[in-house]
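Those letters in the sequence shown? Residues 36 to 155, by the working numbering. For glycine and all other residues, C-beta sits at the position ideal for the given N, C-alpha and C. First up is the structure itself, then whatever we jot down about it.
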Amino acid sequence: SLLKNLQSQGFEIIIITNQRGIARGLLTEEALAEIHNYMLAQMGKNQIEILDIFYCPHEKNVCDCRKPQPGLLKQAQNKYKISLENSILISDSKEDVKMGRDFGIRKNVLIQVDRPETYE
């Protein structure tokens, strides 16, 4: 898989995600933690290690951490001293790819949801 390939090349994987269902009361932070733990366990079964997950629990237009704002990227960079020149942002969203480019990430990849084998 792409993630295993990147990991074998020395990349560490960080997930950033919007979760406004929390702000809307549709999801608790505890339930999101359970979802994340399940996802991490499934990745682990495939020998994929996720370094961290950063999420925005807010509604639109109330914070700087909701993608495509760069707040989650800033949090990850501050915590892990990430080299933007040596990083790759992968997303299924053109807005996220633009966010990465604007933030200074050198490589930004757009993957089509319905055709994950293709990318730009």
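- Residues Asp-99, Met-134, Asp-137, Phe-138 of the same chain have their beta carbon placed closer than 8 Å to that of Pro-105, with the five preceding and five following residues left out of the count.
- In its chain, beyond the 5 residues on either side, Asp-87 have a beta carbon closer than 8 Å to the beta carbon of Lys-114.
- Distance between Met-74 and Glu-84, taken at the CA atoms: about 11 Å.
- The beta-bridge partner set that DSSP reports for Ile-123 consists of Lys-142.
- If you draw a straight line from the Cα of Met-78 to the Cα of Arg-141, it comes to about 26 Å.
- At least 9 Å separates the beta-carbon of Leu-119 from that of Val-132.
- Gln-112 has its alpha-carbon roughly 19 Å from the corresponding atom of Leu-41.
- If the five residues before and after Ile-117 are omitted, its C-beta is found closer than 7 Å to the C-beta atoms of Ala-111, all from its own chain and listed in chain order.
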